[in-house]
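Below is one structure, written out as structure tokens, with a few remarks after it.
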Amino acid sequence: MAWTRTRSGPIAALVALLGLLATTLVAVPDAAAQETPTNLVPNGDFAEGTANWWGLDDAAFADGEACFTAPRGDIGNWATNELTPGQSYEFAFTARVTEETRELAARVQPDGAQAPDHDVSETVTLTDEANRFSWRFTAGPYSGDVGTASNRVIFDTSGPAGTVCLSQVELRPISELLSNPTFDGQDPWWTSDGVALADDGTGRLCRTVPAGGEAWDVLLGQGGVELEEGRTYTVSVAASASPQSTARVVIPMPGRDWPPLYVADLTLRPDGQAFTASFEAEADASTQFQFELGGNPEPFELCLTLASLTTGGDVAGYEPDTGPRVRVNQVGYLPHGPKRATLVTDADSPLAWQLQDADGTMVATGRSEPRGFDPSAGLSVHHLDFSAFTGSGRDFTLVADDDTSYPFDISAELYADLRRDALGIYYTQRSGFEIVPVEVDGELRKTEYVRPAGHVSEFGGDDVNQGDFGLPCLPNERFQAAGGTQYGGFDHYGREGWHCPQGYTVDAHGGWYDAGDHGKYVVNSGMTVYQLLSTYERNQLARVADRGALGDATLVIPERGNGVPDVLDEVRWNLDWMLRMQVPAGTSMAIEGEEFDAGGLVHHKLHDIAWTGLNTLPHEDPMPRFVHRPSTAATLNLAAAAAHGARVWADVDPAYADELLAAARRAWAAANAHPDILAPNTNDLDPAPGGGPYDDDELGDEFYWAAAQLYLTTGEAGFAQAVTSSPYHVGGERGDLWSPTGFDWGATAAAGRLDLATVPNGLEDRAAVIASVREGADRYLATQRAEPFGHPYGPQRYDWGSTHQVVNNAVVIATAYDLTGERRYLEGAVEAADYVLGRNALNNSYVKGYGSHYSQRMHSRWYASADRLPPFPDGKLAGGPNSGIQDPVAQANLQGCAPQACYIDHVDSWSTNETTINWNAALSWFASWLDDMGDGRPDHPGLPPGVEPPLAEQYEPWSRGVERVCDGTATLPFTDVGASVHAELIACLADLGLTEGVGDGRYGPAGMVSRGQLATFLDRMLRHAGAPLPDAPRAFPDTAGNVHAGAIDRLAAAGIVQGIRGGTYAPRAAVTRAQAATMVVNTLDLLDDGEHNRSLALGEDLHAFADVTEATHHRAAIEVLAWHGVVQGFRDGSYGPGRSLRRDQMAALLLRSLDLATESDED
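So, in structure tokens, the structure goes:
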């Protein structure tokens, strides 16, 4: 997460919005008010030609449009409807020209009135494209001699010669569609069961919203909302939430789950948030206005002061430039790596594509695979795969559906520059360091970034900077007494009786600035140091790596040539700062009024007392700066980072390694002595805190990570015990670490797990650790296969910094490749780079300087926010799509965005376009790994010694014989199966008495098996195997009178079959191949030992079929049967889980299952 400067005037904006709406909206107390307001411009659609218009006698009228030559002076409408002073209206029209661009002036005014008595007086520019123009206004007040009985709509057509076309001229009163929008009591608002509403008598509706669940689990709304197709409406909300939380405004589309008619994501703050946006209804609808409030990590208090839905509004909005519809990795592809692209198209059938070289010569061709509508992108798409082409070159393009992609390269050196650039961005992030040019091969580099050192002054001195030497703690009475109250009081920082000793200060110079502000944060630094050290350590340990790629003189930094790997020089600058943030031994501090020894703890962060503005270089920052109180999280970050550093520096600088390990031990001891000192959410404490909170109230993951690093560095049994006893370890209560949004500074356990898997160590269950990394990688691969844009990321809502979450999920897949050498992991990780580098809904590369269309206006105080400032360095990773759209720019432009489209390349969009040091650390690791993969076919020696390959690697499709149950002598009693490949099995099935066919000597091999029929067949199979089931009571209400009812009841009582929705069984419905697999496995499990104890479970994913993924219902049963040769799937490698089971397939399924059961008995 990253943070930004102060947000101006939320309370003032909220009050202004409330005041406008309270004085100008038409109150609508009943359903009659739902009708669309009447157009006050008679014949505004020109259906009656010139009626009510003057100046249009020679105009041409067609399709609701009036076209006329200009100039011709004023034209207008003899509207006679009185406009009520103080009432709100909307004036709108559509216009175009047929020749040159020209201007058109439009007015709404009382008859004969002069300015300033014009309600609307606007001039617009017309083009040859019909555009809609609209304005909202409040009528009057007018001068004393101006009447209101006769009003006019007038267009001034003076100017150059040309033809102007007008249509849809409208003037309508703005009407409220919701009852009680300002909460005078609770009616008619309703809420979810079990959640009470309360109005406090001051026009606020408040409620406590519980934590957890999905967004739609907690609703607040009202019904009776009538919308008309093609009409525009405006949503306005004013609300607060404490603590800060997310909410969603939804107007559902009846009969369709998603997308709704309207949706907007809101971030609600304790100081209040005002929001307004407009939309056009796509259909007539009787619907509801809803707030979706669930899914937040902690309970919050919501207070609403306005929830309004009015007629009218301007829906003209931001349209991103998405370029070609053929979406590719704009940097390129590895010659022998996966090469896939995504085509945006509504076509239902496969389309031809061509790969062309730089000369336009076709070098490969194929046909696309339709993938349908992708909700994450809001687009219908096809999948293109040109991996078979293994040539190299520059400026290839992919052509499909009459469109051509951006150019890209195919090269084994594709990622060499990105490796250097992603690591190289940290030099210009340095705090307390003069940025100077660096000479490389006789050429001065980084000249555009030259600046004096920032924050190298004493607090309270005469310099512009007020830090970072001698920084005091917050709260600080001396600063307030000296006149610092102009920044606002900050006693709230001492809410829990917190204070440092009198005269206590910290030398906090150095380190890296975190993001777009001038703050420095230990918890973000810890994750950054981890991934940069892991980048280097992996390069030294992995069996596929260019060992010299991260050595000395590989980055553009002043230390190059000193004999130390440059990445270590860079990391040391920040590690030294982290060491300075550690509280000296014997220092007494207080919390909740109780004194304690804080020695070894680490201060959480330091930053300015209030937000600095954009266009502020570090040495120009005038704000007072403070260190904030220590936290257990920051202390464990130092323990982990310093222990990791001690291991890496052991052979580079042993004395420094000893210093780091000693600091790590002190931090570990302090954290265990004080395990629950939490950093407060400073956003809740201060409306302009000057820095991000980076608060974290779950620290078990940090303890696990720190213990892992200390164990890997020391090998000590105590740290090993701390690892294996952690609930975050393999098999622990919280040991499943592979969430859809991956790992980061707030979820650090995976940092420990990955290193325990890759760094040589003697942990007893290291094999299980390695297996868990593979499990995580398999999960992300399953997500990737389901995503048409090829990225291993599939949450319903994209998170803040989503691009680095995509990258970190790819890091897990890449680590699985490092561990195993399996090709599927290599291909999955390599393909994940496509999304970040341009193969996405917006056709945008999120890495500055890489691709044809890339992010470059990211949020920052000292890059790119003014002409005098340098551009962002190449290799900077933008945060990317964020469904929360928390900043004003995003909220104004991105409402209703599909998750992948919730991004805007704007300097003020801090919620979608920030950069941070930890996001780039993920990219640095990944880019280094990608470059090590060469041309996409590295020589990997395979699994480490002593580690068994997983079942997926051992598995090859096979077909079980049935010799144990069929002796081959059965004769075929049916006349319609002679040509079936299953004829012998069907004959055996009849010989065993398990089938009698369908009558008339027929078996019906191509017929579908119903759920009731399969129950009967399984009941017979159990009888044949000597394990008949006893009769049982009726299990389902819809099986009464069904011929298969008895079998269904017996199988239900035995736990073999379950019902479907509503507690029914649907005996006549066709059983799917997936459902049949589970029913058969449940039967075999019972036959094995008379109990349902998952005796056949595999315990790991098999990946037997391309269409059976983690998201597939009944996956485990399908893979069990595949492993045992009971099912093989189809020739194309699919299983068809959703297909209906045929009667001939059922014969094979039952007999092979019987053979497996007989084999188990023999064993």
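In mature numbering (1 follows the signal peptide of the UniProt record, and there is no 0), the protein residues as written are -27 to -1, 1 to 1136.
For every residue, glycine included, the Cβ atom is placed at its ideal position computed from N, Cα and C.
Bridge pairing for I408: R424 [DSSP]. Contact check between the segment 265 to 280 and the segment 304 to 316: fewer than three CB pairs, one atom from each, fall below 8 Å, which does not count as touching. Residue pairing by DSSP places R1116 in no beta bridge whatsoever. Nearest in C-alpha terms to A395, of all of L995, G1072, A900 and L1069, is A900. Proximity of the segment 635 to 652 to the segment 665 to 683 meets the contact definition, three or more beta-carbon pairs being nearer than 8 Å. DSSP places V142 in the strand class (E or B) of the three-state scheme. Leaving aside the five residues that flank D347 on each side, the residues in its chain whose CB is nearer than 6 Å to its CB run, in chain order, V354 and P761. E800 counts as buried, since no fewer than 16 other beta carbons sit within 10 angstroms of its beta carbon.
In the DSSP assignment, P83 falls within the unbroken beta strand (DSSP E) covering R75 to P83. For the pair L371 and V301, the CB atoms are nearer than the 8 Å cut-off. Shown here for E76: same chain residues with a beta carbon closer than 8 Å to its own, the five before and five after excluded, namely T96, V97, T98, L99 and G132 in chain order. A distance below 8 Å between beta-carbons, with the five flanking residues on each side excluded, links D368 to the following residues of its chain, in chain order: D330, A331, P380, F381 and D382. As DSSP reads the structure, T130 sits in no beta bridge. Non-local C-beta neighbours of L391 in its own chain, meaning closer than 6 Å and more than five positions away in sequence, comprise A900, ordered along the chain.
Nearest Cα to L56 within the set A24, I147, I48 and V70: I147. Under the three-state reduction of DSSP output, P627 falls in the helix class. At the C-beta level, L727 and H617 stay beyond 8 Å of one another.
The residue from G333, S209 and D570 with its alpha-carbon nearest to that of G559 is D570. Look at T788 here: in three-state DSSP terms it is helix. With respect to the 8 Å criterion, A385 and P308 are classified as neighbours on the basis of their beta carbons.
Under the three-state reduction of DSSP output, Q87 falls in the coil class, being neither helix nor strand. Distance check between E632 and each of A612, N645 and Y808 places A612 closest, using alpha-carbon atoms only. The shortest C-alpha to C-alpha distance from L548 to any of A583, S404, V299 and A789 is the one to S404. Note on Y291: under 16 other CB atoms within 10 angstroms of its CB, so exposed under the neighbour-count rule. Residue ranges of uninterrupted alpha helix (DSSP H) with 4 or more members are absent from the segment 741 to 771; none lies entirely inside it. In the displayed model, M994 falls within a helix according to three-state DSSP. For the pair of segments examined, the segment 689 to 700 was found not to touch the segment 762 to 779: the number of CB pairs separated by less than 8 Å stays below three.
The bridge partners DSSP lists for N816 come to none. Per DSSP, M562 is one residue of the beta strand (DSSP E) stretching across S561 to I564. Residue pairing of P603 in beta bridges, as defined by DSSP: H576.
DSSP places I890 inside the alpha helix (DSSP H), whose first and last residues are I890 to D905. A distance below 7 Å between beta-carbons, with the five flanking residues on each side excluded, links L842 to the following residues of its chain, in chain order: N588, W835 and Y836. Taken through DSSP and simplified to helix, strand or coil, R598 comes out as strand.
At a cut-off of 3 residues, the continuous stretches assigned as beta strand (DSSP E) that sit fully inside the segment 296 to 359 are 313 to 317, 325 to 329, 335 to 340, 342 to 347 and 352 to 358.
Counted as a single uninterrupted DSSP element, the alpha helix (DSSP H) harbouring V544 occupies residues D539 to R553. Two segments are said to touch when three or more pairs of C-beta atoms, one from each, lie closer than 8 Å; by this definition the segment 773 to 783 does not touch the segment 359 to 366.
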